[in-house]
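For reference, the structure discussed in these notes is given below.
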Amino acid sequence: MTPVAMLSGQCLPTIDVELCTGCGDCVELCHAGALALMGGKAALESPWDCDYCAECEGICRQGAILCPFEVVVERGLLPKS
Amino acid sequence: MLEAPASQTVLRQVPYFADLDEAGLARIEERLVERRYERGKVVFMEGGSCQGLYVVRSGRLRIFKVSAEGREQVLMVAGPGETFNEVPNFDGGTNPATAEALEPTTLYLLPKKDLLSIVETEPVVARAMMRVFASHLRHLTALVEDLSFRNVTSRVAKILLAQVQRAGVDADVRPPRLTQQQMAAMAGTAREVVGRALKALEQQGVIRVERGRVVVVSPERLADIV
Numbered sequence: 000m001t002p003v004a005m006l007s008g009q010c011l012p013t014i015d016v017e018l019c020t021g022c023g024d025c026v027e028l029c030h031a032g033a034l035a036l037m038g039g040k041a042a043l044e045s046p047w048d049c050d051y052c053a054e055c056e057g058i059c060r061q062g063a064i065l066c067p068f069e070v071v072v073e074r075g076l077l078p079k080s
Numbered sequence: 000m001l002e003a004p005a006s007q008t009v010l011r012q013v014p015y016f017a018d019l020d021e022a023g024l025a026r027i028e029e030r031l032v033e034r035r036y037e038r039g040k041v042v043f044m045e046g047g048s049c050q051g052l053y054v055v056r057s058g059r060l061r062i063f064k065v066s067a068e069g070r071e072q073v074l075m076v077a078g079p080g081e082t083f084n085e086v087p088n089f090d091g092g093t094n095p096a097t098a099e100a101l102e103p104t105t106l107y108l109l110p111k112k113d114l115l116s117i118v119e120t121e122p123v124v125a126r127a128m129m130r131v132f133a134s135h136l137r138h139l140t141a142l143v144e145d146l147s148f149r150n151v152t153s154r155v156a157k158i159l160l161a162q163v164q165r166a167g168v169d170a171d172v173r174p175p176r177l178t179q180q181q182m183a184a185m186a187g188t189a190r191e192v193v194g195r196a197l198k199a200l201e202q203q204g205v206i207r208v209e210r211g212r213v214v215v216v217s218p219e220r221l222a223d224i225v
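Have a look at this one:
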């Protein structure tokens, strides 16, 4: 199951420190300045600044960052099979 | 009542061996070679000769390929009960990727000659393997069809529609969570292309992308796009 991280009810990217190599690509890419290298690994230094653009997931070659999206139907609608 | 050996408990999780009785599992078990790897140790290299089928007893590994320029791409992360390196046992080729332990890991190796012998002597295993391979082949056939006849936006729409239809049928099913990387793998494209497809669907008013959620605003129009 895809892990989910939350802060005050808001979704956050999850970072697998075992997979992270500390290359810093995500830190350099993050336009919100939410990511930083801490202890040689990527971490959400300023999670409140994260806007969940999910670009960090794309830049990570190790698959260490996950930004899952829940797929739901607008309330009150039910798709026909 | 004695507990089943840890190895049999792990083997039961493997789809190839799930239909075997205890005697059958014991016959598999006696052919297993247990190997332990510290974090960072390489189990096998891409292009190397195939030793056999690996089953993860504990720990985690990353299976990855390296480009000519030295860039790595992780194909999968294998955990307890999962198998890897099936294909070269049967097509005689080399290891298609490199496997490296992410943490202290214990593996069971079923040597190639033993695996091939088991397939010949245990029809239950042979049928289970064919079932799994057939499922992979069906999935790839559907992917080829999608790649041939549908554009990326249509393929992403199909993925989203399938997710909400499944949840709509069974109220006990939690809304699925997919990363854009997972959607890309399902659609046979790159992650950034999925991002553009989602934006295109949003601009059409078919979906709305929120923080951590894709809200399907018009399932009917989504189905039309598929």
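From first to last, the protein sequence lines are chains A and S. Residues 0 to 80, numbered by numbering that gives the first Met the number 0, are exactly what the first sequence covers, in order. Residues 0 to 225, numbered by numbering that gives the first Met the number 0, are exactly what the second sequence covers, in order. All C-beta atoms, glycine included, are put in the ideal place defined by N, C-alpha and C.
Environment of residue i [buried if 16+ CB atoms lie within 10 Å]
i: S:D145; result: buried
i: S:T16; result: Thr is not the amino acid found at residue 16 of chain S; the sequence shown has Phe there. Buried, by the Cβ-count rule.
i: S:K157; result: buried
i: S:Q202; result: exposed
i: S:P14; result: exposed
i: S:F43; result: buried
i: A:V16; result: exposed
i: S:L1; result: Any reading at S:L1 is ruled out, since the residue's pLDDT is 46, under 50, leaving its predicted position unreliable.
i: S:V151; result: buried
i: S:L160; result: buried
i: A:V70; result: buried
Residue i: first and last residue of the uninterrupted alpha helix (DSSP H) it sits in
i: A:P12; result: From DSSP, A:P12 is part of no alpha helix (DSSP H); its letter is neither H nor E.
i: S:E119; result: K111 to T120
i: S:R190; result: R190 to Q202
i: S:G23; result: E21 to E28
Below-7 Å beta-carbon distance, residue i vs any chain B residue
i: S:Q179; result: Any reference to chain B falls outside this structure, whose protein chains are A and S.
Rounded straight-line distance, which links the Cα of residue j to that of residue i
i: S:R126; j: S:E29; result: 21 Å
i: S:V124; j: S:E45; result: 27 Å
i: S:P103; j: S:R38; result: 5 Å
i: S:I27; j: S:I117; result: 8 Å
i: S:F63; j: S:R176; result: 24 Å
i: S:G211; j: A:A63; result: 17 Å
i: S:E209; j: S:T93; result: 44 Å
i: S:V226; j: A:E44; result: Limits of chain S in this structure are 0 at one end and 225 at the other, which puts residue 226 of chain S out of reach.
i: A:L65; j: A:Q9; result: 15 Å
i: A:M37; j: S:V216; result: 40 Å
i: A:G23; j: S:L114; result: 42 Å
i: S:A196; j: S:S153; result: 8 Å
i: S:T8; j: S:R190; result: 37 Å
i: A:T20; j: A:D50; result: 24 Å
i: S:R149; j: S:G187; result: 11 Å
i: S:A100; j: S:V55; result: 11 Å
i: A:I14; j: S:V163; result: 27 Å
i: S:R137; j: S:V76; result: 23 Å
Selected residue, minimal CA-CA separation from residue i, among the options
i: A:E27; options: A:C59, A:D50, A:E69 and A:C66; result: A:C59
i: S:E33; options: S:A96, S:Y53, S:E99 and S:L221; result: S:Y53
i: S:T120; options: S:L24, S:S217 and S:R154; result: S:L24
i: S:M128; options: S:N150, S:L159, S:V76 and S:V86; result: S:V86
i: S:R220; options: S:G204, S:V213 and S:G78; result: S:G204
i: S:E81; options: S:G69, S:L106 and S:E99; result: S:L106
i: S:V73; options: A:R74, A:G57, A:E73 and A:V72; result: A:G57
i: S:E47; options: S:L136, S:T97 and S:R137; result: According to the sequence displayed, residue 47 of chain S carries Gly and not Glu. Nearest option by C-alpha distance: S:T97.
i: A:L18; options: A:V70, A:E54, A:K40 and A:L34; result: A:K40
i: S:T140; options: S:P122, S:Q180, S:M185 and S:L108; result: S:M185
i: S:P218; options: S:R165, S:A183 and S:M182; result: S:R165
i: S:Y36; options: S:L60, S:P95 and S:L10; result: S:L60
i: S:A183; options: A:P67, A:V72, A:E73 and A:R74; result: A:P67
Where the beta strand (DSSP E) containing residue i begins and where it ends
i: A:K40; result: K40 to L43
i: S:R61; result: L60 to V65
i: S:Q72; result: E71 to A77
Where the region 51–74 of chain A meets chain S: residues whose CB sits under 7 Å from a CB there
Hits within the stretch, in order: Y51, A53, E56, G57, R60, Q61, G62, L65, C66, P67, F68, E69, V70, V71, V72 and E73.
Select from the region 3–36 of chain A all residues with a C-beta closer than 7 Å to any C-beta belonging to chain S, and list them in chain order.
The region 3–36 of chain A vs chain S, Cβ under 7 Å: V3, Q9, C10, E17 and L18.
Contact set between the region 199–211 of chain S and chain A, restricted to residues whose Cβ is under 7 Å from the partner:
Within the region 199–211 of chain S, the qualifying residues are R210 and G211.
May I ask you to list, following chain order, the residues of the region 92–124 of chain S that have a beta carbon less than 8 Å from some beta carbon of chain A?
Result list: L101 and E102.
Using a Cβ-Cβ cut-off of less than 9 Å, give me the residues of the region 19–52 of chain S that come near chain A, in sequence order.
Residues of the region 19–52 of chain S whose Cβ lies closer than 9 Å to any Cβ of chain A, in chain order: R38.
Residues, ordered as in the chain, of the region 56–67 of chain S that lie near chain A by beta-carbon distance below 9 Å:
Cβ contacts with chain A: R59, R61 and F63.
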